[in-house]
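Below is one structure, written out as structure tokens, with a few remarks after it.
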Amino acid sequence: MPDTWPVMSIAEAHARLTAPGQRFEVEEMVIRGVRTKVWKNAPPTLRDLFLAGRAFADREFLVLEDERATYEAFSRATLALAHQLQADGIAKGDRVAVIMRNLPEWPVAFFAAILAGAIVTPLNGWWTGPELQYGLADSGAKVAIVDDERLERIAPHLDETPALELVYVSGLATAPTDPRVRRLEAVIGKVGDWAALPDRPLPDVPLDPEDDATILYTSGTTGKPKGALGAHRNMTSNIGAGGISAARNFLRAGEPLPESDPHKLPQRVTLLVVPFFHATGLSATLGPTMNAGGKIVLMHRWEAEPAMKLIERERVSSTGGVPTIAWQLIEHPARANYDLSSLQAVTYGGAPSAPELVRKIKQVFPASQPGNGWGMTETTATFTSHLGRDYENRPDSAGPAAPVGEMQVRDPADGKTVLPIGAVGELWCKGPQVVVGYWNKPEATAETFVEGWLRTGDLARIDEEGFLFIVDRAKDMLIRGGENIYSVEVENVLYEHPAVMDAALVGIPDKMLGEEPGAVVHLKPGSVATEAELRAFVHERLAAFKVPVKIVFWPEPLPRNANGKILKTDLKKVFATQAEVARGVAHATSPP
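Quick note: the sequence shown uses the working numbering, first residue 521, plus one each step.
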């Protein structure tokens, strides 16, 4: 770092950026009985965000292969579907599920339901049929908007979702046979038809920043996902949280702030390779992009070389999501064949990343800034942001909180005692990004959300300037390429197998994905099972990303401490070398 950097502290930079009259001005208000700092200039509701996007009428907004939609075309399709949902009986507070891969129709479905006053419930498109049935039934979704692949998964379970009255399907190849199923194209047409749809007024639905807006499901340590209930303000607060990080970097470098009016700037283009149904794809990407009139380029599925073709063709300025993406771009043998000079930012979160990645990004993409951050579904994605020089200087940190956010490290034993700077304890956070609570789970809500503070379950420390360092996860969970895998959920499935007596799931470090799930299993006396059999058994019951990539057979009951808890730190060592893995059975490299 140059001797002159930084020219001011984080606190000084935030004070300037949030002062009265500034773009990132902060004010305080009482929300649900708790004094909370909020962004004064953020869109109050998601309807206001929709209108901000529509102001960029003729700019391209969504691109998937040969399909392209401008902001105006997107807006007309959204309004058409919103009015149809109202005609179907959707009223304020009803739940509408959105279950599809990253298609241009996804944001249309989301914002149409929002404009109709619904609580939108994006479900994980990688879930199995039974997992999707749980999400539909738990949320009480009245309407689901899905693609044809997801319809195949939920069709056998429609009778197990009593609240579900209608299912709109995009890309349905055959005529629907169930009276509840309708073609989405009958309402909005195909993407190329959207611009010709008639203009419609906004639905007359009163919306407030504190109204319930979304239910995003996050896995729970009981094995059943919990729905994080978010308000409109939770979703729109990410616009400031992401934007202030870049502005802070200019001030810390002693440079003037650049032009910030997106109507006067070249369009930013994002290659989105994380799902819209994730808080990262929805809140940290879709919302800020719409507010700034940016373009989102979609892929049917992530592949490094097709991604590089898109970066070159669309002049993509930012991409990322999880460290996997950055590593694959950096290490691909065909990288030199493509012009990737348009990349200005390669950012990620959601999985552990190596400090080495920061150096590699600067080396391979010198015009881009590496970035990461920390957040969770319960913080509606971004809570801390780390970008550019600050990230290069502290590559093992997740960055400081946005100025509307507060963080404390508390003693995990009592959840109350605030520990001194630099001490490791449990991370608690507070701010307008923190969701209302868990849908229909009052006990879990009371345990996790206390007087406006969120108990994250992460073990962390905070340095003297407010930079967050995640040390470990107090919750028994691993993260594979941004996907949360709770050990107990996979272990419970393994225990269902008649040959399994003891089972534990641990994380196997992986440069691309952060970590992969590995299982250690002890079989019942006289029982026989192969690795392939157990992996297939899990795959039949859970989403593919939760399937252990390796299973090691342990010759005796798994090691436990005095309280009977399995010593997972010891079990991780069996995956440390290929020789030790060979003590088990065959090595698989990825979920089936």
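Cβ coordinates follow ideal geometry from the N, Cα and C atoms, glycine included.
Check                                                                                                                             : Outcome
Rounded separation between proline 920 and arginine 768 - CA only                                                                 : 11 Å
Distance between beta carbons of valine 1041 and alanine 1023, contact taken as under 8 Å                                         : 5 Å
Cβ distance (whole Å) where asparagine 758 is taken to contact threonine 538 below 8 Å                                            : Not quite, the Cβ-Cβ distance comes to about 16 Å (not below 8 Å), so this is no contact.
Rounded distance between the beta-carbons of glutamine 889 and alanine 856, thought under 8 Å                                     : Wrong, their Cβ atoms sit about 22 Å apart, outside the cutoff.
beta-carbon valine 687 near the ligand SAM non-hydrogen atom, thresh 7 Å                                                          : Ligands displayed in this structure: none; no statement on the ligand SAM is therefore possible.
Classification of asparagine 754 by the beta-carbon crowding that lies within 10 angstroms, buried from 16 upward                 : buried
Residues near serine 1067 in its chain [Cβ-Cβ closer than 6 Å; skip 5 each side]                                                  : At residue 1067 the sequence reads valine, which differs from the serine that was named. Arg1055, Val1058, His1059 and Pro1111.
Three-pair Cβ contact test at 8 Å for the region 593–610 versus the region 715–730                                                : yes
Reduced DSSP category for asparagine 913 - H, G, I as helix; E, B as strand; rest coil                                            : helix
Straight-line gap, alanine 966 to alanine 638 (C-alpha atoms, nearest Å)                                                          : 25 Å
Integer Cβ distance of glycine 893 from alanine 918, believed to fall under 8 Å                                                   : 6 Å
Reduced DSSP secondary structure (H/G/I, E/B, other) of serine 757                                                                : coil
CA-to-CA distance, glutamate 625 to glycine 645, given in whole angstroms                                                         : 14 Å
Methionine 528: first and last residue of the uninterrupted alpha helix (DSSP H) it sits in                                       : Careful: methionine 528 lies outside any alpha helix (DSSP H) and carries neither H nor E.
Valine 583 vs valine 793 beta-carbon contact at 8 Å                                                                               : no
Inside the region 737–819 only - alpha helix (DSSP H) runs reaching at least 4 residues                                           : 752–756, 758–772 and 807–811
Option in Leu566, Gly813 and Arg975 with minimal Cα separation from aspartate 934                                                 : Arg975
3-residue-minimum beta strand (DSSP E) runs that sit fully inside the region 629–703, ordered along the chain                     : 639–642, 663–667, 686–690 and 701–703
Straight-line Cα distance separating valine 836 from proline 853                                                                  : 20 Å
Host alpha helix (DSSP H) of isoleucine 551 (start-end)                                                                           : Element bounds for isoleucine 551: not the alpha helix (DSSP H) but the beta strand (DSSP E), 546–551.
As assigned by DSSP and simplified to three states, the class of isoleucine 881                                                   : helix
Backbone CA spacing between histidine 534 and isoleucine 708 [nearest angstrom]                                                   : 44 Å
Nearest-angstrom beta carbon gap, valine 550 and aspartate 732 [assumed within contact, 8 Å]                                      : Contact doesn't hold; Cβ gap of about 18 Å is too wide.
With 16 other Cβ atoms within 10 Å as the buried cut-off, status of alanine 1064                                                  : exposed
Distance between beta carbons of aspartate 667 and leucine 601, contact taken as under 8 Å                                        : Contact doesn't hold; Cβ gap of about 15 Å is too wide.
At least three beta-carbon pairs within less than 8 Å, the region 662–676 to the region 688–701                                   : yes
Exposure of threonine 1089, with buried meaning 16 or more beta-carbon neighbours within 10 Å                                     : exposed
For isoleucine 1086, the first and last residue of its enclosing beta strand (DSSP E)                                             : Run containing isoleucine 1086: none; DSSP gives neither H nor E here.
Glutamate 1016, enclosing alpha helix (DSSP H) - first and last residue                                                           : 1007–1016
When Gly807, Ser803 and Gln848 are compared against glutamate 823, the one with the closest alpha-carbon                          : Gln848
CA nearest to the CA of leucine 863, picked from Ile881, Gly942, Asp658 and Glu876                                                : Ile881
Where glutamate 851 sits in the DSSP three-state scheme                                                                           : helix
Cβ pair arginine 1147, methionine 927 closer than 8 Å                                                                             : What is shown of the chain runs 521 to 1112, which leaves residue 1147 out entirely.
Cut-off 6 Å between Cβ atoms - residues of its own chain near histidine 752, not counting five sequence neighbours on either side : Thr565, Leu566, Pro729, Asp731 and Ala733
Own chain residues within Cβ distance below 7 Å of arginine 475, not counting five before or after                                : It is not possible to answer for residue 475, since the shown part of the chain is limited to 521 through 1112.
Residues sharing a beta bridge with histidine 1042, DSSP                                                                          : Asp1022
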